[in-house]
Amino acid sequence: MRTPGYSSPVRLTAVFAFPVALLPMVGVLLDLPGGGATPDPASASVPWGSTGHEMAARTAVAALPPEMPAFFLDAGPELVYLNPEPDRWRVREAVEMNEAHRYDHYIDIENLPEGALDAPDRFAYLRLLYKAGLERPERDAGFLPFRIVELYQRIESGWRRWRSEDDPARRRWIETGIVRDAGVLGHYVSDASNPHHTTIHFDGWDRDAPNPEGHSTERGFHARFEWSFVDAHVTDEDVLRHTGGAPVEALGAPLREAVLAHIMEAHALVGTLYALDRDIGFDPESPARPEAVEFAAERIASGARMLTVLWWSAWMGSEPSPAP
96 MRTPGYSSPV RLTAVFAFPV ALLPMVGVLL DLPGGGATPD PASASVPWGS
146 TGHEMAARTA VAALPPEMPA FFLDAGPELV YLNPEPDRWR VREAVEMNEA
196 HRYDHYIDIE NLPEGALDAP DRFAYLRLLY KAGLERPERD AGFLPFRIVE
246 LYQRIESGWR RWRSEDDPAR RRWIETGIVR DAGVLGHYVS DASNPHHTTI
296 HFDGWDRDAP NPEGHSTERG FHARFEWSFV DAHVTDEDVL RHTGGAPVEA
346 LGAPLREAVL AHIMEAHALV GTLYALDRDI GFDPESPARP EAVEFAAERI
396 ASGARMLTVL WWSAWMGSEP SPAP
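FYI, the numbering for the sequence shown is 96 to 419, going by our numbering.
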């Protein structure tokens, strides 16, 4: 757990789940604290960029069942465009907007007190973090699972209104909201598939943590993996090899449980990510080793699969229950 005076590296609150080219900085500004101040882990944003996020969204859209309402299927290009949207909100001059969203991109599992993720909402969660003594709970823990659940619930609510609305104009307005929320949801689901977004080791192994395996403490690993390596070496075809061909099914577990399982799947690979970097390397300037490409592509595919399932589940879950 971070304590007062802890000198943490600047967190790259960007995107992961879809490692491919990190896009040009689309209005996302690097915000580094100056004058010897303790770096804020959420103060820098170096996102995957549009290429990586759009790759994830394209993969998710392509897997949607044909039974999805036609307007949603037709919105594929918009869903792809919207996946990087939360990184476009990260503008230093827009202090209020930036502060409202910057901590939604990650969760530092190692810093969480027992039972924190059982909190019913982000505010109850925040109270638990304060009670546990985290110096700056919003920074030192992050809100990623809550952001995913909140957006999913907005989409499901929109589908319910769409099903019951008879006025064509109002239905079109509801459709606009559903597509926008679904596109933005994709960003955070993508983030959650990158091990860097689930750990205190978000940009090099934490120098204050035990490191018996000799993992790199290099600052810049996050961007090198998410941005440079994926941009140089990962393709749509690489990702598709990991998507599988099984039909999409609605969530088989409660929403919160499924979201946490998605995050913990990525978190379980933190050690693997660092071991691959130590033993093989994620070098954008050299020919890529297959093991490194496959790891990045599988993580992208994991995010894409989860996104398709969440989109489909929100639609299916909005169906009215049969009358008794």
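All C-beta atoms, glycine included, are put in the ideal place defined by N, C-alpha and C.
Everything numeric in this text was worked out from a predicted model, so none of it was measured.
Where residue i sits in the DSSP three-state scheme
i, result
"G253", "helix"
"F238", "coil"
"F377", "coil"
"G340", "coil"
"G281", "helix"
"G366", "helix"
"G299", "strand"
"M150", "helix"
"A214", "coil"
"T312", "coil"
"N306", "coil"
"Y247", "helix"
"N206", "helix"
"L168", "helix"
"P161", "coil"
"A345", "coil"
"R275", "helix"
"R267", "helix"
Separation of residue j from residue i, as counted between CA atoms
i, j, result
"H317", "F297", "7 Å"
"W184", "S397", "25 Å"
"L223", "N206", "12 Å"
"W410", "S381", "44 Å"
"S311", "Y369", "7 Å"
"V284", "Y247", "10 Å"
"W406", "E149", "16 Å"
"G299", "A383", "20 Å"
"N193", "R187", "7 Å"
"T330", "A348", "31 Å"
"P208", "E230", "13 Å"
"I250", "Y220", "22 Å"
"V343", "A152", "15 Å"
"G272", "E414", "18 Å"
"G210", "I204", "12 Å"
"P232", "R275", "29 Å"
"V404", "D286", "16 Å"
"H362", "I202", "10 Å"
"A189", "A341", "44 Å"
"V388", "A356", "24 Å"
"Y176", "A304", "38 Å"
Burial state of residue i, where buried means 16 or more other Cβ atoms lie within 10 Å
i, result
"A264", "exposed"
"E162", "exposed"
"S416", "exposed"
"G339", "exposed"
"L242", "Looking at the sequence itself, residue 242 is Arg, so the reference to Leu does not match. Buried, since its Cβ has 16 or more Cβ neighbours within 10 Å."
"Y225", "exposed"
"S408", "buried"
"R302", "exposed"
"R288", "Note that residue 288 is Ser in the sequence shown here, rather than Arg. Buried, since its Cβ has 16 or more Cβ neighbours within 10 Å."
"E191", "exposed"
"L278", "For the sequence presented, residue 278 should be read as Gly rather than Leu. Counting Cβ neighbours within 10 Å, G278 comes out buried, since at least 16 surround it."
"L336", "Note that residue 336 is Arg in the sequence shown, not Leu. The residue is exposed, with fewer than 16 neighbouring Cβ atoms inside 10 Å."
"W143", "For W143, the predicted model reports a pLDDT of 48, less than 50, meaning its position is unreliable; a value from the coordinates is still stated below. By the neighbour-count rule (16 or more Cβ atoms within 10 Å), W143 is buried."
"E270", "buried"
"G281", "buried"
"E332", "exposed"
"G228", "exposed"
"P179", "buried"
"A158", "buried"
Unbroken alpha helix (DSSP H) run spanning residue i, endpoints
i, result
"G398", "385 to 412"
"P172", "171 to 177"
"A361", "350 to 362"
"F218", "217 to 227"
"A195", "190 to 196"
"D331", "331 to 335"
"R319", "It is not in any alpha helix (DSSP H) - R319 carries neither H nor E in the DSSP assignment."
"D182", "180 to 183"
Closest residue to residue i among the options (Cα-Cα distance)
i, options, result
"V334", "A399, V279, D182, D372", "A399"
"A195", "R249, A409, R217", "R217"
"T367", "L346, A391, P215, D378", "A391"
"R234", "R197, A214, S408", "R197"
"V373", "G309, H337, P385", "The question names Val, yet the displayed sequence has Arg at residue 373. The candidate whose alpha carbon is nearest that of R373 is G309."
"R267", "A170, A361, K226", "A170"
"A236", "I295, R302, E245, D326", "I295"
"R351", "R336, H362, D213", "D213"
"P240", "H292, D378, L174, W254", "H292"
"L371", "M359, E386, I358", "E386"
"N306", "V175, V365, I204, V388", "V365"
"S323", "S259, G376, E414", "G376"
"V244", "P160, P215, R258", "P215"
"F167", "W254, T146, E393, T154", "W254"
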